[in-house]
């Protein structure tokens, strides 16, 4: 069974994937073949984004201009498909300014911070919480870009099956290449 860490950096988060995938008897929910396979796929997606992602110059400049220290909390889980397309971008953003620290927290591991950041009453992830150093929330973003959310809601309304929905969202993220996420965050940082 993997060791779950409440707070972690990106390297520890990626190590968690390896612990899950290398374990012949992974714990819940990874003992479910579907969740296990999501995790394997998401590891591959993150690795691809780590190599290919390009941050928008406007966003990079805005992040570099941030003069007050910030702490970003990213709530996620290895099985989350949306997170695999978003977390690499968020981490790369934090690397643009030494005044930004971050930690990754698992949605389903205490202290269950997600309970304070529900989306329409659900524990939807990933979730980005940007705080000042006094612990005040500056803004919260997530669980996915507006375009992906609109697509998800349309697929649900159309009663698309789970596999068709996963493929459609995967295609959306691949075609968008992080552009929508970055545009949304530029608008947040410009407030």
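Residue numbers (this note's numbering): 53 to 243.
Virtual Cβ for every residue (Gly too), placed ideally from N, Cα, C.
Quiz prompt | Rounded straight-line distance, which links the Cα of residue 105 to that of residue 132 | solution = 19 Å
Quiz item: Does the separation of the CB atoms of residue 136 and residue 97 fall below 8 Å?
Solution: Yes; because the gap between Cβ atoms is below 8 Å, this pair is in contact.
Practice problem: From the DSSP output, in three-state form, read off residue 165 for me. | Solution: helix
Quiz item: By the 10 Å Cβ neighbour count, where 16 or more other Cβ atoms means buried, how is residue 186 classified, buried or exposed?
Solution: exposed
Exercise. Would you tell me roughly how many angstroms separate the C-alpha atoms of residue 230 and residue 80, rounded to the nearest one?
Key: One C-alpha to the other measures close to 31 Å.
Quiz prompt | For residue 85 and residue 237, the rounded distance between their alpha carbons | solution = 35 Å
Quiz item: alpha helix (DSSP H) containing residue 142: first to last residue?
Solution: 133-146
Self-check item: Span of the beta strand (DSSP E), counted from its first residue to its last, around residue 155
Solution: Run containing residue 155: 152-158, per the beta strand (DSSP E) assignment.
Quiz prompt | Close-in-space but distant-in-sequence residues of the same chain around residue 61 (CB under 8 Å, 5 per side omitted) | solution = 154, 155, 156
Quiz item: Do you know how far the Cα of residue 59 is from the Cα of residue 158?
Solution: Straight-line spacing of the CA atoms in residue 158 and residue 59 works out to 8 Å.
Quiz item: Where do the ends of the beta strand (DSSP E) carrying residue 179 lie?
Solution: 179-184
Exercise. Look at residue 68 and residue 130 and say whether their C-beta atoms are less than 8 Å apart.
Key: yes
Practice problem: Give the straight-line distance between the Cα atoms of residue 216 and residue 116, rounded to the nearest whole angstrom. | Solution: 39 Å
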